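Just so we're aligned, residue 1 is where the sequence shown starts under the UniProt record's numbering, counting upward by one.
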Amino acid sequence: MKESEKKRRPTIVFLHSTNKCKEWLRPLLEGYASRGYIAVAIDSRYHGERATSITTYRDSLVSSWKNGDTMPFIFDTVWDLIKLADYLTEREDVDPSKIGITGESLGGMHAWFAAFVDTRYSVVVPIIGVQGFGWAIEHDKWQARVNSIKAVFEEARADLDKSAIDKEVVQKVWDRIAPGLASQFDAPYTVPTIAPRPLLILNGGDDPRCPLGGLEIPESRTLRACEKTNCPQNFKLIAQPGIGHQMTPLMVKEASDWFDRFLKV
Numbered sequence: 001m002k003e004s005e006k007k008r009r010p011t012i013v014f015l016h017s018t019n020k021c022k023e024w025l026r027p028l029l030e031g032y033a034s035r036g037y038i039a040v041a042i043d044s045r046y047h048g049e050r051a052t053s054i055t056t057y058r059d060s061l062v063s064s065w066k067n068g069d070t071m072p073f074i075f076d077t078v079w080d081l082i083k084l085a086d087y088l089t090e091r092e093d094v095d096p097s098k099i100g101i102t103g104e105s106l107g108g109m110h111a112w113f114a115a116f117v118d119t120r121y122s123v124v125v126p127i128i129g130v131q132g133f134g135w136a137i138e139h140d141k142w143q144a145r146v147n148s149i150k151a152v153f154e155e156a157r158a159d160l161d162k163s164a165i166d167k168e169v170v171q172k173v174w175d176r177i178a179p180g181l182a183s184q185f186d187a188p189y190t191v192p193t194i195a196p197r198p199l200l201i202l203n204g205g206d207d208p209r210c211p212l213g214g215l216e217i218p219e220s221r222t223l224r225a226c227e228k229t230n231c232p233q234n235f236k237l238i239a240q241p242g243i244g245h246q247m248t249p250l251m252v253k254e255a256s257d258w259f260d261r262f263l264k265v
């Protein structure tokens, strides 16, 4: 092996969106690998090779509501990402101090919460994933997110003897399938704890699933946390004007530039 190939390199973990898989990310992974990064992707729980049918993820959400014994929405995969960090930090070709994490939509949520619980993810770029779950309930802006995984909410609506999904149903579902998601683990409390590690949040300015109103408090608290450690440059939120719930080429470039800035030093 050449000497240049032996040295430890920065690593990017990239996480896919709902109903996609790790292979879907291949072009992005190849882009990072071509620039000297070790690029990693995994299938999230109940997706890709970890699914037994096209309805595995949907069925797991409904089962979580019914039985309360799993957390298929976000938290189960975050556990896997802790174990992934264990693996990566033991590899001889990985610089354990330079592991970045990013993802799209559901993958952005995975990146956000993995960084919250595991400081080994040293640079963080959630793409169209960060939102205020409690804020959305309080301000009646929960519909778009709910519609992305509607089956579990319809099941809960029927079980709660409701004629339509309402904010009470939404609150109860989050409390059941992802305890704390709309309260103590919501964005205002977890996003600021990522500081002072470099954090770039990329959202669409018109994204109904991640409304910007729900990010005002997380943004101000995170900036304040960075300022306390004299590194305000370590946090940025970019809301691309006129963009809904989609990852754009601009977002991909901004993420790439952010990783280069903080991991290639």
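We put the beta carbon where it would ideally sit given N, CA and C, even for glycine.
Just so it is clear, the structure is predicted and the values come from calculations on it, not from any experiment.
Asked: Simplified DSSP state of P96, which is helix, strand or coil; Found: strand
Asked: Outcome for M1 when other beta-carbon atoms lying within 10 angstroms are tallied against a minimum of 16; Found: Its pLDDT being 40, under 50, M1 is placed unreliably in this model, and the value from its coordinates should be taken loosely. By the 10 Å Cβ count, M1 comes out exposed.
Asked: Cutoff 8 Å; reference V265; Cβ partners in own chain excluding five residues on either side; Found: none
Asked: Exposure of T11, with buried meaning 16 or more beta-carbon neighbours within 10 Å; Found: buried
Asked: Proximity of L263 and K98 at Cβ, strictly below 8 Å; Found: yes
Asked: Per-residue DSSP class, three states only, for F133; Found: helix
Asked: Nearest residue (CA-CA) to A164, options C210, E154, P126 and L202; Found: E154
Asked: Pairwise C-alpha distance: K22 and H16; Found: 6 Å
Asked: Inter-residue spacing [alpha-carbon to alpha-carbon] between V252 and T190; Found: 24 Å
Asked: Beta-carbon contacts of G107 that lie in its chain and below 6 Å, excluding the five residues immediately before and after; Found: L15, H16 and S17
Asked: Test item: CB-CB of residue 266 and I42 under 8 Å; Found: Missing from the structure shown is residue 266; the chain here goes from 1 to 265 and no further.
Asked: Expected contact under 8 Å - CB spacing of I128 and H245 to nearest Å; Found: 6 Å
Asked: C-beta atoms of L181 and K172 nearer than 8 Å; Found: no
Asked: Which of helix, strand or coil DSSP assigns to L181; Found: coil
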